[in-house]
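Quick mapping for you: the protein sequence lines, in order, are chains A and B. To convert, take the position in the first sequence, counting from 1, and add 12; that gives our numbering. To convert, take the position in the second sequence, counting from 1, and add 12; that gives our numbering. In this text, a Cβ means the ideal position worked out from N, Cα and C, and glycines have one as well. Below: the structure, in structure tokens.
There are 2 protein chains.
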Amino acid sequence: MSENIPEACCTLDISDEKQEKLVAMFKALGNPTRFEIMKFLVTHPSCITGDIVNYLPIAQATVSQHLKVLRDAGFIKGIITGTATQYCLHTENIDWFRSKVGDIF
Amino acid sequence: MSENIPEACCTLDISDEKQEKLVAMFKALGNPTRFEIMKFLVTHPSCITGDIVNYLPIAQATVSQHLKVLRDAGFIKGIITGTATQYCLHTENIDWFRSKVGDIF
DNA sequence: TATAATCATCGTAAATATACGATAAAGGAA
DNA sequence: TTCCTTTATCGTATATTTACGATGATTATA
């Protein structure tokens with residue numbers, strides 16, 4: 013029986029809940045289209061869904077789906093104004109994300 | 013015709029090639045099992061495939077597949093020693109990853 | 001009120017990812 | 001050489017993701 017696992021050199025504490033959140037954020041960025049949307053929102057701090065739809069060569073429904081993933085992951089916030097939805101970065105969560113990346117690696 | 017796209021507040025320069033590499037790294041981390049493997053390698057700087065197999069509750073073939081994804085993404089290096097493969101972090105690429113996360117967000 | 005604009009959601013087809021057992025490859029031990 | 005250990009790869013079943021058109025919901029405008 014070789015159930016031996018070598019000893020750790022250090023610990024890396026993160027709660028299951030936060031780890032799940034972090035993995036979801038990585039997953040959200042791990043798609044070319046969503047990464048492009050994030051880049052667009054970084055360089056265009058305040059725009060509506062339609063702006064992103066015009067910018068990207070994909071269908072409106074697909075953009076909306078990707079925006080939902082980014083919203084659920086906590087990267088962006090959507091503010092409904094009239095018939096449009098204005099999207100901007102969720103700076104608090106992004107700060108948390110960046111700091112976690114720094115902590116772990 | 014509403015092909016209007018609002019003007020940018022800044023630029024965010026990254027080559028297509030490097031962006032593709034970065035997205036692949038996010039994607040690699042965006043899986044619970046692979047994230048767990050990365051955590052294990054951070055806390056156990058030098059171990060072989062079998063150690064990870066013993067640690068995780070999944071089949072050897074699956075672990076090997078995940079290790080390949082992490083290798084291809086550039087997160088880890090595998091050094092064959094005898095019949096075993098010793099895995100360690102690819103610190104150079106990880107440093108690059110961390111700095112890119114900082115640049116973009 | 002009727003129409004247009006804007007966006008999210010639904011249903012679904014195609015592509016990709018994930019997990020496993022089986023097998024192959026390669027080195028060490030008997 | 002034969003057997004054992006270790007790991008990667010193959011083939012494949014299932015699950016998830018991605019993309020689209022169609023539709024619904026909401027608000028503004030004529």
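- Think of a sphere of 9 angstroms around the beta carbon of B/Gln31: the chain A residues whose beta carbon falls inside it are Pro44, Phe47, Glu48, Lys51, in chain order.
- Taken in chain order, the complete alpha helix (DSSP H) segments of 4 or more residues contained in the segment 59–116 of chain B are 61–67, 72–85, 103–116.
- Residues Gly86, Phe87, Ile88, Lys89 of the same chain have their beta carbon placed closer than 8 angstroms to that of A/His102, with the five preceding and five following residues left out of the count.
- Around A/Tyr67, the same chain offers Phe52 as residues with beta carbons nearer than 7 angstroms, after the five sequence neighbours per side are excluded.
- When C-beta distances to chain A are compared with 8 angstroms, the residues of the segment 62–77 of chain B below that value are Gly62, Asp63, Asn66, Tyr67, in chain order.
- The three-state secondary structure of B/Leu53, taken from DSSP, is helix.
- For the pair of segments examined, the segment 27–34 of chain B was found not to touch the segment 58–67 of chain A: the number of CB pairs separated by less than 8 angstroms stays below three.
- Around the beta carbon of A/Ile92, a 10 Å sphere encloses fewer than 16 other beta carbons of the protein chains shown; the residue is thus reported as exposed.
- Distance from the CA of A/Arg83 to the CA of A/Phe38, rounded to the nearest whole angstrom, comes to 13 angstroms.
- A/Glu29 carries a helical assignment under DSSP once its states are collapsed to helix, strand and coil.
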